[in-house]
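Engineer:
Numbering (UniProt numbering), first residue to last: 1 to 234.
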């Protein structure tokens, strides 16, 4: 059950990124796309899936082909479904339909972009870079004493600062550096990173606390703010 949930989440993330990547040219849709969970049990089936992964011809592999008895999640467009199932039947491969209609899943799960002018993050949508930076400033103000400090690791071609936070738990701790938002259209990356910051600062879960308090953290939510902003406006 856990692996199914993780695979579905990974698929939703990949689809969200895919939608953002075409946002400047028109909204992509995945009506009647089907995701199959295929389990190769013979070397012949495994080799066939590897060949298909190398030459997907419109198929989208949500997970890589690895070894025997390891399931592979594959998204198939409507016009390829009949041929794809014929191929699986010819190979005598085990498979189940994992998601019957990908677009329906996206409609139910995809966060909406946030209206501008809202500073408080609640992770129900995507925020502009100025809103993220304003939230970083709030975290600094809300945690006085030097534990949370702002950092600037550079500036962009368009003159934007590349900002983040340094969170110090103990000066003798090892440090972890997280650089997110390298690719402009991956809106999920800054969102996840700000959520991590919130968890580091405010989680009361003992397991989380024991993990995060053992390190010092350097976190940059968006290392490509020019591109990130362009995907919201371009």
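Cβ coordinates follow ideal geometry from the N, Cα and C atoms, glycine included.
So for residue 145, helix, strand or coil by DSSP?
Structural biologist: As a position in the chain shown, residue 145 is number 145, starting the count at 1. Coil.
Engineer: Can you give me the C-alpha to C-alpha distance between residue 58 and residue 80, rounded to a whole angstrom?
Structural biologist: As a first step, residue 58 must be located in the chain shown, where it is residue number 58. As a first step, residue 80 must be located in the chain shown, where it is residue number 80. Residue 58 and residue 80: Cα-Cα distance of roughly 8 Å.
Engineer: Can you have a look at residue 86 and say buried or exposed, based on whether 16 or more other CB atoms are within 10 angstroms of its CB?
Structural biologist: Walking along the chain shown from the start, residue 86 turns up at place 86. Exposed, because fewer than 16 other Cβ atoms sit within 10 Å of the Cβ of residue 86.
Engineer: I'd like the span of the alpha helix (DSSP H) that includes residue 204, first residue to last.
Structural biologist: The residue given as residue 204 occupies position 204 in the chain shown. Residue 204 -> no alpha helix (DSSP H), and no H or E assigned at all.
Engineer: Sort out for me which residues DSSP pairs residue 217 with in a bridge.
Structural biologist: Counting from 1 along the chain shown, the entry for residue 217 is found at position 217. Bridge partners of residue 217: 167, 176.
Engineer: If you draw a straight line from the alpha carbon of residue 141 to that of residue 232, how long is it in whole angstroms?
Structural biologist: By one-based count along the chain shown, residue 141 stands at place 141. By one-based count along the chain shown, residue 232 stands at place 232. Rounded to whole angstroms, residue 141 to residue 232 spans 28 Å at the Cα level.
Engineer: Hey, could you find the ends of the beta strand (DSSP E) residue 98 is sitting in?
Structural biologist: On the chain shown, position 98 is the one that residue 98 refers to. 94-99 is the extent of the beta strand (DSSP E) around residue 98.
Engineer: Around the C-beta of residue 124, are 16 or more other C-beta atoms found within 10 angstroms, so that it is buried, or is it exposed?
Structural biologist: To locate residue 124, count along the chain shown from 1; it is residue 124. Residue 124 should be labelled exposed.
Engineer: Quick check: what's the CA-CA separation for residue 249 versus residue 49?
Structural biologist: It is not possible to answer for residue 249, since the shown part of the chain is limited to 1 through 234.
Engineer: Return the first residue and the last residue of the alpha helix (DSSP H) that residue 36 is part of.
Structural biologist: As a first step, residue 36 is located in the chain shown; it is residue number 36 there, counting from the start. From DSSP, residue 36 is part of no alpha helix (DSSP H) but of the beta strand (DSSP E) over 34-39.
Engineer: Find the nearest neighbour of residue 98 within the set 34, 221, 51, judged by alpha-carbon distance.
Structural biologist: The count along the chain shown starts at 1 and reaches residue 98 at position 98. Considering only alpha carbons, the answer is 34.
Engineer: Using CA atoms only, rank isn't needed, just tell me which of 96, 224, 100 is closest to residue 182.
Structural biologist: For the purposes of this step, residue 182 is taken as the residue at position 182 of the chain shown. Nearest of 96, 224, 100 to residue 182, Cα basis: 224.
Engineer: If you draw a straight line from the C-alpha of residue 82 to the C-alpha of residue 64, how long is it?
Structural biologist: In the chain shown, the residue the question calls residue 82 occupies position 82. In the chain shown, the residue the question calls residue 64 occupies position 64. One C-alpha to the other measures close to 22 Å.
Engineer: Once DSSP output is grouped into helix, strand and coil, what is the label at residue 90?
Structural biologist: In the chain shown, residue 90 corresponds to position 90, counting from 1. Helix.
Engineer: For residue 133 versus residue 161, is the C-beta spacing smaller than 9 Å?
Structural biologist: Your numbering for residue 133 matches position 133 in the chain shown. Your numbering for residue 161 matches position 161 in the chain shown. The answer is yes: Cβ separation under 9 Å.
Engineer: Measuring only the C-alpha atoms, how far is residue 102 from residue 39?
Structural biologist: Translated into positions along the chain shown, residue 102 becomes position 102. Translated into positions along the chain shown, residue 39 becomes position 39. The alpha-carbon atoms of residue 102 and residue 39 are separated by roughly 20 Å.
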